[in-house]
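Engineer:
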Amino acid sequence: MPSKDIVVDADGHILEPPDLWEKYLEAKYQPHAIKVVKNEKGLECLQYDGKVSQMAQPGFLAALGGMGKEQDQLRPDAERTYVGSAPFGSMDARERVELLDRENLAKAVLYPTLGILWEAEVEDIELSQAYCRAYNRWIADFCRPYSDRLIPIAHLSLGDPQAAAAELERAVKDGCRGAFVAPFTITHKPHGHPDHDAVFAMAEKLDVPFAIHPTFEPKGLNRARFHGMERMPLLGVIASQILQQPLSTFFQFGVFDKFPKLRVVILESGSSWLGFWMDRMDEGYETWIGGTLPLKKKPSEYVRKQVWISGDPDEQATAYVIDYVGRDRFFWASDFPHPDHGGKYLHALERMVAPMGPEARRGVVGQNVIDCYKL
Amino acid sequence: MPGNQLIIDADGHILEPVDMWDKYLEEKYRSRGIKIKRDDNGMEFLEYDGKPAQMIRPGVLHTLGAMGRKAQEMKPSAERTYVNSAPFGSMDMKERLKLLDQDGIDKAILYPTIGLLWEAEVEDPELSNAYCRAYNRWIADFCRDSGGRLIPIAHLSMLDVPAAVAELERAVKDGCKGAFVAPFNHLRKAHGHPDFDPLFAKFQELDVPYGIHPTFEPVSLASRRFSGLGSSIWYHQVTACYGAQVAFTTLFSFGVFDKFPKLKTVVLESGGGWIGYWVDRMDALYEVPINRAPLKNPPSHYIRTQSWISADPDERALAGLIRFVGNRFFWASDFPHQDHGSEYMKELKGLLAEMPADAAAKLAGETVANLYRI
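The listed protein sequences correspond, in order, to chains A and B. This note's numbering numbers the first residue of the first sequence as 22 and each following residue consecutively. This note's numbering numbers the first residue of the second sequence as 3 and each following residue consecutively.
Following this line, the structure appears as structure tokens:
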């Protein structure tokens with residue numbers, strides 16, 4: 022990477038301390054905290070509100086920081102624990118800054134790990150808000166000593182939009198530089214639904230981006246087509262679909278006209294499909310169907326002004342669509358320390374940006390995220 | 003567009019004649035045919051196996067050929083009918099040839115219209131196969147005297163594999179140049195499932211492409227992510243590509259391409275610009291040591307050797323992507339369907355102008371001609 026380019030990881034993760042919710046939840050919710058417990062076989066399990074998680078399999082927690090490890094190191098094993106397997110830089114702020122230094126990264130925008138698991142299984146709207154608040158207080162504290170390097174992002178749950186808007190305001194005052202939500206909502210209301218306007222209005226007022234990040238999801242949201250889809254290899258590729266759905270509802274409900282300064286960020290679901298999606302959204306808009314949309318302009322025009330997308334560094338196709346979509350639209354992200362992406366992300370990033378011109382490259386490696394988040 | 007360039011529409015549609023199933027179904031199924039009837043308000047409705055279709059409401063069959071029309075022309079109507087609203091070239095072979103001439107198109111590969119609707123509501127495997135056979139006999143006859151310019155493609159149901167295998171063989175002997183399946187089946191069995199291996203083996207043996215084309219789908223398959231989007235037509239239109247994407251992906255999940263190294267697969271009417279992401283992400287997932295796909299090579303290898311994608315001509319992102327993915331793309335008009343615009347030739351010219359001459363020639367027609375040997 023040319024050293025003059027500022028390199029920013031747009032979506033890195035931390036592994037939350039197992040006692041985060043016990044410490045940071047308000048007192049009345051503490052008995053309902055997220056906990057790491059052991060089952061009768063000695064395997065770690067996650068517990069939400071006193072119930073063992075059905076989606077996070079026993080022993081799975083030790084794999085959460087397993088980026089770059091081989092399969093035999095990721096299998097459930099009582100000897101391996103969440104904390105014991107956490108790699109350097111995944112749980113400690115000073116270590117993370119040291120890791121950034123080693124990798125010549127200027128900054129990392131940080132997202133949770135346990136925080137992207139629980140929402141699929143917690144249906145209590147009030148408790149969901151409390152879990153978010155606890156995480157948000159903690160991540161702000163975690164990043165505070167290194168606030169120019171580690172960028173805290175708040176987690177919001179759209180189940181109670183007024184509470185989410187209030188929490189966004191509180192969290193941003195406390196240091197968070199933006200917020201993310203899951204690609205599903207507990208109410209099944211589409212993201213762009215007017216009931217969520219309070220959150221968009223607050224993000225616009227505070228001048229911070231509103232992001233959508235993949236999470237564990239309630240069963241059957243996307244994988245109903247075939248029996249056994251949950252376990253089929255390579256089906257993770259439909260991450261693009263999972264994020265296109267909430268993104269598309271912003272157009273279906275005219276959110277960008279109502280909030281012309283809102284900035285929306287799409288995370289961890291690939292990026293080279295954005296040109297395809299612009300084409301596809303425009304195509305529908307330009308037939309008679311477009312008359313059913315409350316939009317002043319065609320969808321791609323909003324994308325080029327109000328949407329950013331974070332790509333995987335091992336995406337080679339992005340270089341071939343970036344001039345069409347817009348050089349200022351793309352980020353890259355490490356996904357460190359999660360095992361579903363490879364560990365050689367800097368090497369991959371160099372390959373990703375190699376075919377790009379200097380302006381596009383400078384934007385992708387860091388400048389775009391700096392501009393979007395006003396860092 | 004240079005005058006001598008080969009131009010082939012990789013996915014055009016015909017509107018089947020109203021009495022097609024009455025005429026082409028085997029006698030024992032004739033009473034259970036697909037019919038167009040009128041309700042008490044004079045509105046046309048579709049009937050499958052003696053029951054009114056639930057997924058297409060009365061009075062809107064006239065919209066099936068409504069490419070380029072305005073919203074106010076899409077309302078239910080007793081005056082507008084399936085046949086009297088069918089545009090020039092959508093129901094008659096000679097007219098279609100004239101339309102191709104007007105558009106400067108050499109050949110068109112043809113897919114059905116009503117044939118894309120019934121499968122979602124007909125669960126009887128025997129009747130499904132009979133419906134497919136009837137269409138396949140008819141489309142072969144429809145195209146037979148077109149001088150090789152209209153290319154018939156067979157429709158196969160996945161509900162009875164031996165029957166589908168036999169029908170593919172029969173249809174190809176009768177003139178069909180390939181076959182397509184829906185992106186779903188009522189068994190909810192993935193397209194790549196080994197139970198379908200005899201079908202892939204037959205495609206390979208006959209050396210004809212296996213296509214996946216979007217259709218109406220059972221409501222139970224719809225994403226349950228959001229509620230309240232029932233009337234959001236645009237949302238459903240943009241997300242209609244998901245079924246074919248998933249069905250296609252399961253071919254990789256089950257290692258179909260290694261088992262059938264000469265199988266040729268085509269994804270239709272689902273856009274083309276997603277495949278660059280698919281190449282990158284499937285290859286990345288292939289490297290992750292959890293739940294590995296049973297493939298000898300990275301997934302991108304099979305995309306670049308055994309897969310083709312039919313794109314929309316207004317996909318501006320395609321010009322760049324071809325340089326990355328390779329010449330795996332066709333273009334298609336979708337004529338006369340109303341979910342695409344009618345300016346497809348203008349759009350195609352714009353798209354071809356953005357790429358080098360050899361890539362443009364391939365996209366315009368050479369790739370699809372070579373694949374289907376037409």
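Each residue gets a CB set at the ideal place from its N, CA and C atoms; glycine is no exception.
Cutting at 8 Å between CB atoms, please list the residues of its own chain near G177(B), excluding the five before and the five after it.
Structural biologist: Locating residue 177(B) in the second sequence gives position 175, where the first residue counts as 1. Here the set comprises A142, C145, R146, P154.
Engineer: How would you list, in chain order, the residues of chain B whose beta-carbon sits under 8 Å from the beta-carbon of Q75(A)?
Structural biologist: Sequence index remark: in the first sequence, residue 75(A) carries index 54 (1-based). The contacting residues do not exist; Q75(A) stays about 18 Å from chain B at best.
Engineer: Which term fits N43(B), buried or exposed, when burial requires 16 or more other beta carbons within 10 angstroms of its beta carbon?
Structural biologist: Here the question's residue 43(B) lines up with position 41 in the second sequence. With fewer than 16 other Cβ atoms within 10 Å, it is exposed.
Engineer: Can you pull the chain A residues whose beta carbon is under 8 Å from the beta carbon of S229(B), in chain order?
Structural biologist: The residue labelled residue 229(B) in the question sits at position 227 within the second sequence. Simply H209, K210.
Engineer: Return the bridge partner residues of L256(A) from the DSSP annotation.
Structural biologist: The residue labelled residue 256(A) in the question sits at position 235 within the first sequence. DSSP, once it has assigned bridges, lists no residue as partnering L256(A).
Engineer: Which one of R71(B), A110(B), L189(B), S79(B) has the shortest CA to CA distance from E125(B)?
Structural biologist: As a position in the second sequence, residue 125(B) is number 123, starting the count at 1. By alpha-carbon distance to E125(B), the top candidate from R71(B), A110(B), L189(B), S79(B) is L189(B).
Engineer: Report buried or exposed for H423(A), applying the criterion of at least 16 other Cβ atoms within 10 angstroms of its Cβ.
Structural biologist: Look at the range of chain A in this structure, 22 to 396, and you will see that residue 423(A) is not part of it.
Engineer: Distance cutoff 7 Å, beta carbons only. Does I2(B) sit that close to anything in chain A?
Structural biologist: Residue 2(B) is absent from the model: chain B starts at 3 and stops at 376.
Engineer: Identify the continuous alpha helix (DSSP H) that holds L102(B) and give its terminal residues.
Structural biologist: To locate residue 102(B), count along the second sequence from 1; it is residue 100. Counting along the chain, the alpha helix (DSSP H) containing L102(B) begins and ends at 95 to 105.
Engineer: Buried or exposed: which applies to R115(A), given that a residue is buried once 16 or more other Cβ atoms fall within 10 Å of its Cβ?
Structural biologist: Locating residue 115(A) in the first sequence gives position 94, where the first residue counts as 1. Looking at its Cβ environment, which holds fewer than 16 other Cβ atoms inside 10 Å, R115(A) is exposed.
Engineer: Going along the chain, which residues of the region 251 to 272 of chain A sit with their C-beta nearer than 9 Å to a C-beta in chain B?
Structural biologist: If you check each beta-carbon in the region 251 to 272 of chain A against every beta-carbon of chain B, the ones closer than 9 Å belong to R252, M253, P254, L255, L256, G257, V258, I259, A260, S261, Q262, I263, Q265, Q266, P267, S269, T270, F272.
Engineer: Looking at the strands, I want to know which residues DSSP matches up with Y288(B).
Structural biologist: For the purposes of this step, residue 288(B) is taken as the residue at position 286 of the second sequence. Y288(B) is not bridged by DSSP to any residue.
Engineer: For the region 355 to 372 of chain B against the region 81 to 94 of chain B, are there 3 or more C-beta pairs whose distance is under 8 Å?
Structural biologist: no
Engineer: With a cut-off of 8 Å on the beta carbons, I'd call E49(B) and K37(B) a contact; round off their distance for me.
Structural biologist: As a working note, residue 49(B) is residue 47 in the second sequence. As a working note, residue 37(B) is residue 35 in the second sequence. With 8 Å as the limit, E49(B) and K37(B) qualify as a contact, their Cβ atoms being about 5 Å apart.
Engineer: Do the region 160 to 176 of chain A and the region 190 to 207 of chain A meet, that is, are 3 or more Cβ pairs less than 8 Å apart?
Structural biologist: yes
Engineer: Could you spell out where the alpha helix (DSSP H) holding R139(B) opens and where it closes?
Structural biologist: Against the second sequence, residue 139(B) aligns to sequence position 137. 127 to 146 is the extent of the alpha helix (DSSP H) around R139(B).
Engineer: Check whether the Cβ of S229(B) sits closer than 6 Å to any heavy atom of the ligand COA, and report yes or no.
Structural biologist: No copy of the ligand COA appears in this structure; indeed no ligand is present at all.
Engineer: Under 7 Å, CB to CB, which of the residues in the region 305 to 322 of chain B have a partner in chain A?
Structural biologist: Listed by position along the chain: D314, D316, E317, R318, A319, G322.
Engineer: Determine contact between the region 4 to 22 of chain B and the region 329 to 340 of chain B, defined as no fewer than three beta-carbon pairs at a distance below 8 Å.
Structural biologist: yes
Engineer: Report the residue from P379(A), K395(A), D361(A), R372(A) whose alpha carbon sits nearest the alpha carbon of G33(A).
Structural biologist: Locating residue 33(A) in the first sequence gives position 12, counting from the first residue. The candidate whose alpha carbon is nearest that of G33(A) is D361(A).
Engineer: Can you confirm whether L270(B), when its beta carbon is compared against all beta carbons of chain A, has any partner nearer than 7 Å?
Structural biologist: Residue numbering aside, residue 270(B) sits at position 268 when the second sequence is read from its first letter. With respect to chain A, the C-beta atom of L270(B) has no partner C-beta closer than 7 Å.
Engineer: With 7 Å set as the bound, which would you pick, yes or no: does the beta-carbon of A54(A) sit closer than that to a beta-carbon of chain B?
Structural biologist: Here residue 54(A) is taken as the residue at index 33 of the first sequence, counted from 1. Among the residues facing chain B, A54(A) is not included, as its CB has no counterpart in that chain under 7 Å away.
Engineer: Below 8 Å on the Cβ atoms is my guess for L118(B) versus H215(B); work out the distance and round it to an integer in Å.
Structural biologist: Stepping through the second sequence from its first residue, residue 118(B) is reached at position 116. Stepping through the second sequence from its first residue, residue 215(B) is reached at position 213. Contact holds; Cβ gap of about 7 Å.
Engineer: Identify the continuous alpha helix (DSSP H) that holds R117(A) and give its terminal residues.
Structural biologist: As a position in the first sequence, residue 117(A) is number 96, starting the count at 1. Counting along the chain, the alpha helix (DSSP H) containing R117(A) begins and ends at 114 to 124.
Engineer: Using a Cβ-Cβ cutoff of less than 7 Å, which residues in the same chain neighbour P239(A) once the five nearest sequence positions on both sides are dropped?
Structural biologist: Position 218 of the first sequence holds residue 239(A). Excluding positions up to five away in sequence, the list reads A141, F205.
Engineer: Between G106(B) and chain A, is there a C-beta pair that is closer than 7 Å?
Structural biologist: Counting from 1 along the second sequence, the entry for residue 106(B) is found at position 104. No - not a single Cβ of chain A is within 7 Å of the one on G106(B).
Engineer: Which parts of the region 29 to 96 of chain A are runs of the alpha helix (DSSP H), unbroken and 4 residues or longer, counting only runs that do not cross its ends?
Structural biologist: The qualifying runs are 41 to 45.
Engineer: Determine the closest residue to A173(B) out of H157(B), F331(B), I305(B), L223(B), with distance taken between C-alpha atoms.
Structural biologist: Counting from 1 along the second sequence, the entry for residue 173(B) is found at position 171. Minimum Cα distance to A173(B) is reached at H157(B).
Engineer: Along chain B, in chain order, which residues have C-beta atoms closer than 7 Å to that of Y341(A)?
Structural biologist: If you number the first sequence from 1, residue 341(A) lands on position 320. Here the neighbours are G278, G322, L323, R325, F326.
Engineer: Starting from L242(A), find everything on chain B with Cβ-Cβ shorter than 7 Å and list it in chain order.
Structural biologist: Within the first sequence, residue 242(A) is the residue found at index 221, counting from 1. Within chain B, the residues near L242(A) are S225, R226, R227.
Engineer: Going by Cα to Cα distance, which pick from W120(B), P296(B), V183(B) is closest to A249(B)?
Structural biologist: By one-based count along the second sequence, residue 249(B) stands at place 247. Per the Cα distances, V183(B).
Engineer: What are the residues in the region 307 to 322 of chain A lying within 8 Å of chain B by C-beta distance?
Structural biologist: E307, T308, W309, I310, G311, G312, T313, L314
Engineer: Check the Cβ-Cβ distances between A88(B) and every residue of chain A, and say whether any is below 7 Å.
Structural biologist: The residue labelled residue 88(B) in the question sits at position 86 within the second sequence. No - not a single Cβ of chain A is within 7 Å of the one on A88(B).
Engineer: Who are the neighbours of S222(B) on chain A, taking C-beta pairs under 9 Å?
Structural biologist: Here residue 222(B) refers to the residue found at position 220 when the second sequence is read from its first residue. The contacting residues are A245.
Engineer: Would you verify that the beta carbon of G275(B) is, or is not, closer than 7 Å to some beta carbon of chain A?
Structural biologist: In the second sequence, counting from the first residue as 1, residue 275(B) sits at position 273. Judged by the 7 Å Cβ criterion, G275(B) is in contact with chain A.
Engineer: From the DSSP output, which residues share a beta bridge with H234(A)?
Structural biologist: By one-based count along the first sequence, residue 234(A) stands at place 213. Bridge partners of H234(A): none, in fact.
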